[in-house]
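Chains as they are written, first to last, in the working numbering: chain B, 1 to 185; chain E, 1 to 185.
There are 2 protein chains.
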Amino acid sequence: MKRDSQATRRRILDEATVEFARHGIAGARVDRIAASAGCNKAMIYAYFTSKDRLFDAVFDAAVVRNVTDVPIDAADLPEYAARLAEQYEKYPEVDRLATWDRLERGGAGARTTTITAATAHKVEAIAGVQRTGLVSDRLPAATLLELIYAIARTRFDSVAPGEGAPVPEHRRETVKEAVARLVRP
Amino acid sequence: MKRDSQATRRRILDEATVEFARHGIAGARVDRIAASAGCNKAMIYAYFTSKDRLFDAVFDAAVVRNVTDVPIDAADLPEYAARLAEQYEKYPEVDRLATWDRLERGGAGARTTTITAATAHKVEAIAGVQRTGLVSDRLPAATLLELIYAIARTRFDSVAPGEGAPVPEHRRETVKEAVARLVRP
DNA sequence: CGGGCTACCAACCAGTTGGTTGGAAGTATG
DNA sequence: CATACTTCCAACCAACTGGTTGGTAGCCCG
């Protein structure tokens, strides 16, 4: 068959993203990833060394995209949070991968240099805006960021599933309103 | 050895709680549960039928305790959220079990009659207080409850791990302040 | 055109694991 | 004291699974 190692690697990563997001590390099956990627299991080990390293690659790719796609705007935290919520809506697997990482690996994936640097930058940006008085300093910058993350990740589907769950536009407004209240001076 | 089926069942449930909270369903090992419960694996199947049913029993016990231990007080939502946060601090396995349930079973455990009834009651209680004007109705009652849950579950340890993470008392005040802002009319 | 390298694969291995079986042992009762 | 019931167990089974091996086949280059 026609060969293209870059294409094979790409398909493995894509299908592994789906499999890990759905089943986590312990529940994912390397055989299933190979089957849906249309290649042999040995190829996965050739490119990624082990199941765990494959998860690393998947996690890093997903998280880097989130950090890149949604830069912080400390001057407009409600809007920033709304864009973050949209990103989670667009890529629900990212939150799932982050949650699997927290449960199965104690959050090790989130302690990479890329993420910790990005996070430190965000905290400093929020602290800066707090010093100008535009954002309340009743809560520390790091705490505020965690709350913004928690609110942006909320899907609003578990209390009243199927009914009253906000459509994306409502979710955006909900997140915006909630964060606006948190940061109001 | 002296026999006591109630005691054996209790030990299995306790050790299964630890194992499922730590590893989830796919990652938990029935052999490990048996070993730490000090009984034979066959006993687990005698009492609980299957690994999945054992998780059901563990989940139900943990969740029922949360619902029972922390009844809602719609007249003081910030304080209610603070008590909820304390409960999560006291029993961190509950949030983990709920999260595994969401990831591995699509939240099926949370859709039991006990929980949906308790939730409906809470939503109605919040809606009632909104009608009196004491709590803002900018956000629907169900949405407000989801946000309260999200805030109460936040551990404030992932943005600045190890440093600046609030001690329980600070966490309580942080949750209270955040929820007070959300519900302010 | 043939050799060598790269990309790929079917079959396999050794260990694991949820669940079962054919009992043994403790205990209660007649 | 013997029987029967309940609680418990060691060994086992069949299927599974992460990872490896001994290749094959496509393709490039001299």
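Just so it is clear, CB atoms sit at the ideal spot from N, CA and C, and this is done for glycine as well.
Bear in mind that the values here come from a model prediction, so they are computed numbers and not experimental data.
First and last residue of the alpha helix (DSSP H) that includes E:N66? Residues K51 to D69.
Rounded to the nearest angstrom, what separates E:D76 and E:I12 at their Cα positions? Distance between the alpha carbons of E:D76 and E:I12: 38 Å.
Of the residues that make up the stretch 137-148 of chain B, which ones have a beta carbon closer than 8 Å to any beta carbon in chain E? Correct list: R138, L139, P140, A142, T143, L145, E146 and L147.
Quick check: is the beta carbon of E:G24 nearer than 8 Å to any beta carbon in chain B? At least one C-beta of chain B is nearer than 8 Å to the C-beta of E:G24.
My parser needs the alpha helix (DSSP H) runs of 4 or more residues fully inside the stretch 79-150 of chain B; what are they? Listed in chain order, the alpha helix (DSSP H) elements of length 4 or more contained wholly in the stretch 79-150 of chain B are 92-105 and 113-131.
Mind checking if E:A110 is an interface residue toward chain B, Cβ cutoff 8 Å exclusive? Yes, E:A110 lies at the interface with chain B (some Cβ there is under 8 Å from its Cβ).
Taking the CB atoms as reference points, tell me whether E:G109 and E:F59 lie closer together than 8 Å. For E:G109 and E:F59, yes; Cβs fall inside 8 Å.
In three-state DSSP terms, what is B:T17? Helix.
Establish whether the CB of B:I33 and some CB of chain E are separated by less than 8 Å. Not one chain E Cβ lies under 8 Å of B:I33.
Proximity below 8 Å, CB of B:L145 to CB of B:K122: Taking 8 Å as the Cβ cut-off, B:L145 and B:K122 qualify as a contacting pair.
Pull up the distance between the alpha-carbon of E:M43 and that of B:V159, whole angstroms please. Using only the alpha carbons, I get a separation of about 36 Å.
Inter-residue spacing [alpha-carbon to alpha-carbon] between B:D4 and B:V64: Distance between the alpha carbons of B:D4 and B:V64 is about 25 Å.
If we define contact as Cβ-Cβ less than 8 Å, is B:F156 a contact residue for chain E? The beta carbon of B:F156 sits closer than 8 Å to some beta carbon of chain E.
Apart from the five residues on each side of it in sequence, which residues of its chain come closer than 6 Å, Cβ to Cβ, to E:Y47? Within the same chain, E:Y47 has close Cβ partners R9.
Buried versus exposed call for E:A62 [16 or more other C-beta atoms within 10 Å across all chains shown]: Its Cβ being crowded by 16 or more others within 10 Å, E:A62 is buried.
Leaving out five residues on either side along the sequence, give the residues of the same chain with a beta carbon under 7 Å from the beta carbon of B:R83. In its chain, beyond the 5 residues on either side, V70 have a beta carbon closer than 7 Å to the beta carbon of B:R83.
Cα-Cα separation between E:V67 and E:T114, rounded to whole angstroms: Each residue's Cα considered, the two are about 9 Å apart.
Which chain E residues sit within Cβ distance under 7 Å of B:G107? Within chain E, the residues whose beta carbon sits less than 7 Å from that of B:G107 are S158, listed in sequence order.
Against chain B, does E:A118 count as a neighbour if the rule is that its beta carbon must be under 8 Å from one of theirs? False, the Cβ-Cβ gap to chain B never drops below 8 Å.
What would DSSP say about E:G38, mapped onto helix, strand or coil? Coil, per DSSP.
In whole angstroms, give me the CA-to-CA distance for E:R184 and B:I72. Rounded to whole angstroms, E:R184 to B:I72 spans 27 Å at the Cα level.
Assigned secondary structure, B:A28 (DSSP; H/G/I helix, E/B strand, else coil): Taken through DSSP and simplified to helix, strand or coil, B:A28 comes out as coil.
Please return the same chain residues whose Cβ sits closer than 8 Å to the Cβ of E:Y149, not counting the five positions on each side in sequence. The residues are L84.
CA-to-CA distance, E:D101 to E:E20, given in whole angstroms: The sequence shown places Phe at residue 20 of chain E, rather than the Glu named in the question. E:F20 and E:D101 have their C-alpha atoms roughly 10 Å apart.
Anyone know if the C-beta pair for E:L97 and E:L147 falls short of 8 Å? Between E:L97 and E:L147, the C-beta spacing is not below 8 Å.
If you pair each beta-carbon of the stretch 19-38 of chain B with each one of the stretch 26-35 of chain E, do three or more pairs fall below 8 Å? Touching, yes.
For a contact defined as C-beta to C-beta under 7 Å, what are the partners of E:E177 on chain B? Chain B residues near E:E177: R138 and L139.
For E:R53, count the other beta carbons within 10 Å of its own beta carbon; 16 or more makes it buried, fewer makes it exposed. Which is it? E:R53 comes out exposed.
Nearest to E:K176 by alpha carbon, out of E:V167, E:V94, E:P78 and E:P92? Out of E:V167, E:V94, E:P78 and E:P92, E:P78 has the C-alpha closest to the C-alpha of E:K176.
If you draw a straight line from the alpha carbon of E:R111 to that of E:V94, how long is it in whole angstroms? Using only the alpha carbons, I get a separation of about 16 Å.
Check whether the Cβ of B:E169 lies closer than 8 Å to any Cβ atom in chain E. Taking 8 Å as the threshold, the shortest C-beta distance from B:E169 to chain E does not fall below it.
Does the beta carbon of B:G133 sit closer than 8 Å to a beta carbon anywhere in chain E? Not an interface residue.
CB contact below 8 Å: B:L182 versus chain E: Output row for B:L182: interface = yes.
Around the C-beta of B:E167, are 16 or more other C-beta atoms found within 10 angstroms, so that it is buried, or is it exposed? The identity of residue 167 of chain B in the sequence shown is Val, whereas the question assumes Glu. Flag for B:V167 reads exposed.
Assigned secondary structure, E:T154 (DSSP; H/G/I helix, E/B strand, else coil): E:T154 falls in the coil class under three-state DSSP.
Which residues in chain B have a C-beta closer than 7 Å to the C-beta of E:R53? List them in chain order. Annotation: E:R53 has no Cβ neighbours in chain B at a cutoff of 7 Å; minimum Cβ distance is about 18 Å.
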